[in-house]
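Position 10, counted from 1, in the sequence shown is what the working numbering calls 19; the numbers after and before it change by one each time, with no gaps.
Take a look at the structure set out below.
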Amino acid sequence: MVEDFNKCEKSHLMKDYDRVLLWCKIFLYFKSFTGFKGSGLAYCLLFPMEKLFEEYVALILAKKFRHRIQTQHKGYSLLEFPKRFNLIPDIYLPSKNIIMDTKWKIINSLDDISQSDLYQMFAYLTKYKSNNVVLIYPYTGNVNDNRCYFDKKMNKN
Numbered sequence: 010m011v012e013d014f015n016k017c018e019k020s021h022l023m024k025d026y027d028r029v030l031l032w033c034k035i036f037l038y039f040k041s042f043t044g045f046k047g048s049g050l051a052y053c054l055l056f057p058m059e060k061l062f063e064e065y066v067a068l069i070l071a072k073k074f075r076h077r078i079q080t081q082h083k084g085y086s087l088l089e090f091p092k093r094f095n096l097i098p099d100i101y102l103p104s105k106n107i108i109m110d111t112k113w114k115i116i117n118s119l120d121d122i123s124q125s126d127l128y129q130m131f132a133y134l135t136k137y138k139s140n141n142v143v144l145i146y147p148y149t150g151n152v153n154d155n156r157c158y159f160d161k162k163m164n165k166n
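Following this line, the structure appears as structure tokens:
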């Protein structure tokens, strides 16, 4: 394909295709979107990876649990009166009362999990009266010990 691309000739009749050809060149020559020296000019192509990851995980789980999952469940809020600060877990499996939240972050150890993410999961655990909350990160193979637990006595009120 690179040979075919090299046969493209620039002319004033092809001016409308300049931007598309530039994108093609970037992909065909395996260029990156980081700065590289040259006269090429391209606009960034960005994807909201946190949303794509969330949708991907939800799709996989929907197949496994035969569509019994709910995404972006809006059943609870932190404050009851006035109703404020909605809790919206990414994935909820009502039949088993399991709450899952996806995080598009690379973690190399359990120390990389943010405290605010754990507070968020604790809020789900408490409000949903669940025994199972799960944080889902992209797999990297870096974390061997991939489980941590809340003290179950904390949720027995």
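For every residue, glycine included, the Cβ atom is placed at its ideal position computed from N, Cα and C.
So who's on the other strand from residue i, going by DSSP bridges?
i, result
"residue 109", "100 and 143"
"residue 129", "Note: residue 129 sits in no beta bridge, so no partner."
"residue 85", "96"
Does DSSP put residue i in a helix, in a strand, or in coil?
i, result
"residue 56", "coil"
"residue 170", "Residue 170 falls outside the range modelled here, since the chain spans only 10 to 166, and no answer is possible."
"residue 80", "strand"
"residue 90", "coil"
"residue 75", "coil"
"residue 149", "coil"
"residue 26", "helix"
"residue 117", "coil"
"residue 33", "helix"
"residue 65", "helix"
"residue 19", "coil"
"residue 39", "coil"
"residue 136", "helix"
Could you tell me if residue i is buried or exposed, where buried requires 16 or more neighbouring beta carbons within 10 angstroms of its beta carbon?
i, result
"residue 57", "exposed"
"residue 139", "buried"
"residue 11", "exposed"
"residue 23", "exposed"
"residue 110", "buried"
"residue 55", "exposed"
"residue 63", "buried"
"residue 61", "exposed"
"residue 26", "exposed"
"residue 142", "buried"
If the criterion is Cβ atoms closer than 9 Å, does the pair residue i and residue j meet it?
i, j, result
"residue 104", "residue 131", "no"
"residue 146", "residue 112", "yes"
"residue 69", "residue 102", "no"
"residue 108", "residue 134", "yes"
"residue 34", "residue 14", "yes"
"residue 31", "residue 17", "no"
"residue 65", "residue 106", "no"
Quick one: is residue i near chain B, going by C-beta distance under 9 Å?
i, result
"residue 68", "Among the chains in the structure shown there is no chain B, since it carries only a single protein chain."
Check whether the region 114-127 touches the region 80-87, counting contact only when three or more Cβ pairs, one atom from each stretch, lie closer than 8 Å.
no
Across the region 149-159 and the region 87-101, are there enough close Cβ pairs to call them in contact, namely three or more that are closer than 8 Å?
no
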